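Enquirer:
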Amino acid sequence: MKTRHLFLVVVTTILLGATMPVQAQNNVQLHSKVDSVSYAIGVSQTKGFLSYLQDEKKVNLKYLDDFAKGMSMSCTWCLTCSSGL
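Here this note's numbering runs 121 ahead of the position in the sequence shown, where the first position is 1.
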């Protein structure tokens with residue numbers, strides 16, 4: 122079950138990072154070298170992700186923002202529910 126939650130968090134993070142406006146990405150505050158490296162890895166991993174989904178997997182990106190919001194809400198709900206276990 123924890124693997125499923127981790128998978129949902131990773132997918133949500135990737136989708137939200139890929140759909141963030143450019144202005145929001147430029148205002149990122151990095152507090153340590155680890156933050157800088159993690160951010161650089163995340164940015165490099167998500168470059169071309171949307172075009173890959175659209176071109177290779179034939180995903181309609183019209184509702185991607187709504188999907189990302191729903192995933193984020195469900196992950197938040199899952200994490201709050203599982204914290205009581």
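Backbone N, C-alpha and C define an ideal beta-carbon position, used for all residues, glycine too.
Source: prediction; values computed, not measured.
(1) By a C-beta neighbour count over all protein chains shown, 10 Å radius and 16 as the cutoff for buried, is Ala161 buried or exposed?
(2) Can you give the Cα-Cα distance for Ser172 and Lys179, rounded to whole angstroms?
(3) Helix, strand or coil, according to DSSP, for Leu151 in the structure here?
(4) Does DSSP put Cys196 in a helix, a strand or coil?
(5) Would you give the residue range spanned by the alpha helix (DSSP H) that Tyr184 belongs to?
(6) Where does Gly163 sit, in a helix, a strand or coil, going by DSSP?
Expert: Reading from the atomic positions:
(1) exposed
(2) 10 Å
(3) coil
(4) helix
(5) First-last for Tyr184: undefined, no H or E at that position.
(6) helix
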